[in-house]
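The opening position of the sequence shown corresponds to residue 7 in the working numbering, with each subsequent residue numbered one higher. Structure first, commentary second.
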Amino acid sequence: MPFAPVLRSEWLKIRTLRSLLGALFALFAATTGFSAIAGVSDPSDPGSDPLFMALSGVAPGQIAAISFGAMAVSSEFHGGGLRLSLAAVPRRGRWFAAKATAIAVPTLVVGLVTACAALVAARAGLGAAASGLSTGEQVRGVVGCATYLTLMALLAAGLAAVLRSGVAALSLLIPFVLVVSFVIGDVAGGVTDFMPDRAGQIVLYETPEGTLGPWTGLAVTAAWAATALAAGAWSLRHRDA
Numbered sequence: 007m008p009f010a011p012v013l014r015s016e017w018l019k020i021r022t023l024r025s026l027l028g029a030l031f032a033l034f035a036a037t038t039g040f041s042a043i044a045g046v047s048d049p050s051d052p053g054s055d056p057l058f059m060a061l062s063g064v065a066p067g068q069i070a071a072i073s074f075g076a077m078a079v080s081s082e083f084h085g086g087g088l089r090l091s092l093a094a095v096p097r098r099g100r101w102f103a104a105k106a107t108a109i110a111v112p113t114l115v116v117g118l119v120t121a122c123a124a125l126v127a128a129r130a131g132l133g134a135a136a137s138g139l140s141t142g143e144q145v146r147g148v149v150g151c152a153t154y155l156t157l158m159a160l161l162a163a164g165l166a167a168v169l170r171s172g173v174a175a176l177s178l179l180i181p182f183v184l185v186v187s188f189v190i191g192d193v194a195g196g197v198t199d200f201m202p203d204r205a206g207q208i209v210l211y212e213t214p215e216g217t218l219g220p221w222t223g224l225a226v227t228a229a230w231a232a233t234a235l236a237a238g239a240w241s242l243r244h245r246d247a
């Protein structure tokens, strides 16, 4: 079967599941809302990075992106859904590629809209503190934010395919990005620059610090996501449906 019809069927699944659409809406609401709150919290703090403050809502918003990626894959493991999908598309690699694409595209689109809305909402509160941001820095922040959210969704999707459980994937990833990365950061120093969340969020800073730059940080997160997807594809090919 050609790739386009497979992709269309996978997008149809996502579009018809309210929980997945709810996760995308939560991604928009959480990121925009928390960014707006950060914009009015303390814009006069001289130690703050205005671009990161404007897009800081990505911290709670990424939980929705992770949930979206994990649930989109784990839904296949309920009620024999995977067997039906593979009966229609016997080439498992093609099916999984379509699934990953159907996760990545809407996350990227919603992420771009969300990052733009968050930046506008936060700038209204930051006022003069954000006046020094150049157009290039703001574009980099918006594109980087959307790309980061997409990569985290794909990381969750790959992990859910390996574990065959959305709950297991969320139980591993959410504590990791909320707690473990920061705890390790306090004792491991620069090692945390290569954690998927820390590396990817470097692109959100006007003046990044550390060993990685904005795009190399995203490349590290992309490597984590690619590894998870490769592991998910291997698991799908070598385990019974």
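Each residue gets a CB set at the ideal place from its N, CA and C atoms; glycine is no exception. Keep in mind that this is a model prediction, so the values were computed, not measured.
Using CA coordinates, which residue listed in the options is at the minimum distance from residue i?
i      : options                           : result
ALA121 : LEU184, GLU143 and PRO8           : GLU143
PRO43  : SER241, ALA106, LEU235 and LEU125 : Checking the sequence shown, residue 43 turns out to be Ile, not Pro. Residue LEU125 is the option with its Cα nearest to ILE43.
GLY85  : SER171, ASP199, HIS244 and GLY206 : SER171
ARG245 : LEU92, ALA163 and ILE208          : LEU92
VAL173 : PHE58, SER81 and ILE20            : SER81
ALA166 : LEU57, PHE58, PHE102 and PHE31    : PHE102
VAL64  : THR153, GLY219, TRP221 and ARG14  : THR153
MET59  : LEU224, ARG129, GLU16 and PRO220  : ARG129
PRO8   : PRO56, ALA104, LEU132 and ALA175  : ALA104
ILE109 : GLY133, VAL189 and GLY164         : GLY164
Which of the three DSSP states, helix, strand or coil, is assigned to residue i?
i      : result
VAL95  : coil
LEU30  : helix
PRO8   : coil
TYR154 : helix
GLU82  : helix
ARG89  : helix
ASP55  : coil
THR217 : coil
GLY63  : coil
Please return the same chain residues whose Cβ sits closer than 8 Å to the Cβ of residue i, not counting the five positions on each side in sequence.
i     : result
VAL66 : Inspection of the sequence shows that residue 66 is occupied by Pro rather than by Val. Closer than 8 Å at the Cβ level, and outside the excluded window around PRO66, lie ALA36, THR37 and PHE40.
With 16 other CB atoms within 10 Å as the buried threshold, where does residue i fall?
i      : result
GLY147 : buried
PRO214 : buried
SER62  : buried
VAL115 : exposed
VAL145 : exposed
PRO220 : buried
THR227 : buried
Spatial neighbours of residue i within its chain, please: C-beta separation below 7 Å, excluding the five flanking residues on both sides.
i      : result
ALA71  : LEU33, THR113, LEU155, MET158 and ALA159
ALA239 : GLY99 and PHE102
ALA237 : GLY164 and VAL168
Hey, residue i and residue j are a contact pair by Cβ (cut 8 Å); roughly how many whole angstroms apart?
i      : j      : result
THR217 : ASP199 : 5 Å
ALA162 : GLY75  : 4 Å
VAL119 : VAL12  : Actually they do not touch by this definition, with Cβ atoms about 26 Å apart.
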